[in-house]
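The opening position of the sequence shown corresponds to residue 112 in the working numbering, with each subsequent residue numbered one higher. For reference, the structure is listed below as C-alpha coordinates.
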Amino acid sequence: MSLESELRTWDRKSVKAIIQIHENNAADEDLMDRLVTLAGTQDLETGATWLLKHRLENALDRLDPDLTLKLVALLPGLSDWEAKLHCLQIFPHIAFSGPSKETAWRFVLACSREPNKFVRAWAYSGLHQLALDHPTYREQARAVLEAAERSETAPSVKVRLRRVLEQGLPEGPA
112 MSLESELRTW
122 DRKSVKAIIQ
132 IHENNAADED
142 LMDRLVTLAG
152 TQDLETGATW
162 LLKHRLENAL
172 DRLDPDLTLK
182 LVALLPGLSD
192 WEAKLHCLQI
202 FPHIAFSGPS
212 KETAWRFVLA
222 CSREPNKFVR
232 AWAYSGLHQL
242 ALDHPTYREQ
252 ARAVLEAAER
262 SETAPSVKVR
272 LRRVLEQGLP
282 EGPA
(Lines of atoms letter the chains of each structure in order from A and count residues from 1; the text may use other names and numbers.)
(Lines give C-alpha, C1' and ligand atoms only; values in the text may rest on other atoms or scores of the structure.)
Protein backbone atom coordinates (compact mmCIF):
# COMPACT_ATOMS: atom_id res chain seq x y z
CA MET A 1 0.00 0.00 0.00
CA SER A 2 1.33 3.47 -0.82
CA LEU A 3 2.09 6.09 1.83
CA GLU A 4 -0.81 8.16 0.54
CA SER A 5 -3.20 5.18 0.81
CA GLU A 6 -1.97 4.36 4.31
CA LEU A 7 -2.51 7.95 5.45
CA ARG A 8 -6.01 7.93 3.96
CA THR A 9 -6.92 4.84 6.00
CA TRP A 10 -5.45 6.17 9.28
CA ASP A 11 -8.19 7.01 11.78
CA ARG A 12 -6.32 10.16 12.99
CA LYS A 13 -6.32 8.76 16.51
CA SER A 14 -4.18 5.63 16.72
CA VAL A 15 -0.54 6.39 17.50
CA LYS A 16 0.24 2.71 16.99
CA ALA A 17 -1.18 2.85 13.46
CA ILE A 18 0.68 6.04 12.46
CA ILE A 19 3.93 4.61 13.86
CA GLN A 20 3.33 1.53 11.73
CA ILE A 21 2.83 3.75 8.69
CA HIS A 22 6.16 5.36 9.53
CA GLU A 23 7.86 1.98 9.85
CA ASN A 24 6.41 0.85 6.52
CA ASN A 25 7.92 3.88 4.79
CA ALA A 26 11.01 4.74 6.85
CA ALA A 27 13.47 3.26 4.34
CA ASP A 28 12.21 5.52 1.54
CA GLU A 29 15.01 8.02 0.89
CA ASP A 30 12.46 10.48 -0.51
CA LEU A 31 10.18 10.20 2.52
CA MET A 32 10.65 13.78 3.74
CA ASP A 33 9.91 15.19 0.29
CA ARG A 34 6.84 12.98 -0.01
CA LEU A 35 5.61 14.00 3.45
CA VAL A 36 6.00 17.70 2.69
CA THR A 37 4.14 17.20 -0.59
CA LEU A 38 1.35 15.25 1.14
CA ALA A 39 1.08 17.95 3.81
CA GLY A 40 -0.34 20.11 1.04
CA THR A 41 -3.29 17.73 0.55
CA GLN A 42 -6.14 18.69 2.87
CA ASP A 43 -7.28 15.18 3.84
CA LEU A 44 -3.67 14.03 4.39
CA GLU A 45 -2.17 17.09 6.08
CA THR A 46 -2.64 15.86 9.65
CA GLY A 47 -1.00 12.48 9.08
CA ALA A 48 1.78 13.90 6.92
CA THR A 49 2.63 16.62 9.45
CA TRP A 50 2.49 14.09 12.32
CA LEU A 51 5.08 11.98 10.49
CA LEU A 52 7.24 15.03 9.73
CA LYS A 53 7.13 15.95 13.41
CA HIS A 54 8.00 12.39 14.42
CA ARG A 55 11.03 12.28 12.11
CA LEU A 56 12.34 15.71 13.12
CA GLU A 57 11.79 15.34 16.86
CA ASN A 58 13.48 11.94 16.88
CA ALA A 59 16.41 13.20 14.77
CA LEU A 60 15.63 10.68 12.06
CA ASP A 61 15.84 13.34 9.37
CA ARG A 62 16.07 17.07 8.75
CA LEU A 63 14.56 19.61 6.41
CA ASP A 64 17.02 20.94 3.86
CA PRO A 65 16.56 24.55 2.66
CA ASP A 66 14.49 23.53 -0.37
CA LEU A 67 12.12 21.38 1.68
CA THR A 68 11.90 24.14 4.27
CA LEU A 69 10.73 26.58 1.59
CA LYS A 70 8.27 24.02 0.27
CA LEU A 71 6.81 23.32 3.73
CA VAL A 72 6.64 26.97 4.73
CA ALA A 73 4.79 27.78 1.52
CA LEU A 74 2.11 25.29 2.62
CA LEU A 75 1.59 26.78 6.08
CA PRO A 76 -1.04 29.40 5.14
CA GLY A 77 -3.16 26.72 3.45
CA LEU A 78 -3.30 24.28 6.37
CA SER A 79 -6.87 23.84 7.52
CA ASP A 80 -6.78 21.26 10.31
CA TRP A 81 -5.82 22.47 13.77
CA GLU A 82 -3.71 19.36 14.38
CA ALA A 83 -1.68 19.95 11.21
CA LYS A 84 -1.08 23.55 12.30
CA LEU A 85 -0.07 22.33 15.75
CA HIS A 86 2.38 19.78 14.35
CA CYS A 87 4.00 22.45 12.19
CA LEU A 88 4.27 24.87 15.10
CA GLN A 89 5.83 22.12 17.21
CA ILE A 90 8.59 21.53 14.65
CA PHE A 91 9.59 25.20 14.42
CA PRO A 92 12.66 24.56 16.65
CA HIS A 93 13.90 22.14 13.97
CA ILE A 94 13.53 24.60 11.09
CA ALA A 95 15.95 27.32 10.01
CA PHE A 96 13.83 30.16 8.63
CA SER A 97 15.45 32.66 6.31
CA GLY A 98 14.62 34.90 3.40
CA PRO A 99 10.99 34.72 2.31
CA SER A 100 10.28 31.70 4.52
CA LYS A 101 10.71 33.77 7.69
CA GLU A 102 8.02 36.26 6.62
CA THR A 103 5.58 33.47 5.71
CA ALA A 104 6.33 31.73 9.02
CA TRP A 105 5.81 35.02 10.87
CA ARG A 106 2.39 35.59 9.27
CA PHE A 107 1.48 31.96 10.05
CA VAL A 108 2.31 32.24 13.77
CA LEU A 109 0.47 35.57 14.02
CA ALA A 110 -2.61 33.96 12.46
CA CYS A 111 -2.27 30.92 14.73
CA SER A 112 -2.06 33.19 17.80
CA ARG A 113 -5.68 34.14 17.03
CA GLU A 114 -6.92 30.56 16.49
CA PRO A 115 -9.82 29.28 18.58
CA ASN A 116 -7.88 26.12 19.47
CA LYS A 117 -5.93 26.71 22.68
CA PHE A 118 -3.12 24.28 21.80
CA VAL A 119 -2.48 26.03 18.50
CA ARG A 120 -2.46 29.42 20.25
CA ALA A 121 -0.06 28.18 22.92
CA TRP A 122 2.43 26.86 20.38
CA ALA A 123 1.99 29.97 18.23
CA TYR A 124 3.33 32.06 21.12
CA SER A 125 6.38 29.80 21.25
CA GLY A 126 6.80 30.25 17.49
CA LEU A 127 6.55 34.04 17.80
CA HIS A 128 9.23 33.97 20.47
CA GLN A 129 11.52 31.73 18.43
CA LEU A 130 11.20 33.84 15.29
CA ALA A 131 11.82 37.03 17.29
CA LEU A 132 14.96 35.53 18.83
CA ASP A 133 16.24 34.40 15.43
CA HIS A 134 15.17 37.53 13.52
CA PRO A 135 15.51 40.75 15.55
CA THR A 136 13.24 42.75 13.22
CA TYR A 137 10.28 40.88 14.75
CA ARG A 138 11.18 41.52 18.40
CA GLU A 139 9.07 44.59 19.13
CA GLN A 140 5.97 43.18 17.46
CA ALA A 141 6.47 39.81 19.18
CA ARG A 142 6.87 41.52 22.54
CA ALA A 143 3.63 43.47 21.98
CA VAL A 144 1.68 40.35 20.93
CA LEU A 145 3.03 38.29 23.84
CA GLU A 146 2.32 41.01 26.40
CA ALA A 147 -1.21 41.51 25.05
CA ALA A 148 -1.78 37.75 25.17
CA GLU A 149 -0.56 37.67 28.76
CA ARG A 150 -3.34 40.12 29.66
CA SER A 151 -6.09 38.48 27.60
CA GLU A 152 -5.52 34.70 27.57
CA THR A 153 -7.79 32.71 29.85
CA ALA A 154 -6.97 29.06 29.02
CA PRO A 155 -4.65 27.68 31.73
CA SER A 156 -2.56 25.61 29.29
CA VAL A 157 -1.99 28.66 27.10
CA LYS A 158 -1.11 30.82 30.10
CA VAL A 159 1.53 28.30 31.23
CA ARG A 160 3.26 28.21 27.84
CA LEU A 161 2.99 31.98 27.55
CA ARG A 162 4.53 32.43 30.99
CA ARG A 163 7.46 30.17 30.01
CA VAL A 164 8.02 32.16 26.81
CA LEU A 165 7.89 35.48 28.65
CA GLU A 166 10.29 34.22 31.33
CA GLN A 167 12.83 33.50 28.58
CA GLY A 168 12.48 37.10 27.46
CA LEU A 169 13.61 38.87 24.31
CA PRO A 170 16.64 41.09 23.83
CA GLU A 171 15.73 44.76 23.55
CA GLY A 172 14.89 46.14 20.11
CA PRO A 173 16.23 45.10 16.71
CA ALA A 174 19.85 44.04 16.67
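Every residue, glycine too, gets a C-beta built ideally from N, C-alpha and C.
- Nearest C-alpha to residue 160 among 255, 210, 194, 114: 194.
- For the options 202, 281, 224, 280, the alpha carbon positioned closest to that of residue 180 is the one of 202.
- The criterion of a C-beta distance shorter than 8 Å is not satisfied by residue 220 and residue 280.
- The segment 132 to 149 makes contact with the segment 168 to 182, as at least three CB pairs between them are under 8 Å.
- When the beta-carbon positions are compared, residue 255 and residue 215 stay at least 8 Å from each other.
- With 16 or more neighbouring CB atoms inside 10 Å of its own CB, residue 157 falls in the buried class.
- Excluding the 5 residues flanking it on each side, residue 133 has same chain C-beta neighbours closer than 8 Å at 162, 165, 166, in chain order.
- Taken through DSSP and simplified to helix, strand or coil, residue 241 comes out as helix.
- Residue 211: member of the alpha helix (DSSP H) spanning 209 to 222, first to last residue.
- At least 8 Å separates the beta-carbon of residue 186 from that of residue 207.
- Of the other Cβ atoms in all chains shown, fewer than 16 fall within 10 Å of the Cβ of residue 188; this residue is therefore exposed.
- Here residue 249 is buried, its C-beta having at least 16 other C-beta atoms within 10 Å.
- Nearest C-alpha to residue 123 among 273, 155, 233: 155.
- Straight-line measurement puts the Cα of residue 269 at about 6 Å from the Cα of residue 263.
- The Cβ-Cβ distance between residue 200 and residue 233 falls below 8 Å.
- Counting only residues of its own chain and dropping the five nearest sequence neighbours on each side, residue 118 has a CB closer than 6 Å to the CB of 155, 158.
- Straight across, the Cα-Cα distance linking residue 245 with residue 144 is about 26 Å.
- DSSP places residue 227 outside both helix and strand once states are collapsed to three, so it counts as coil.
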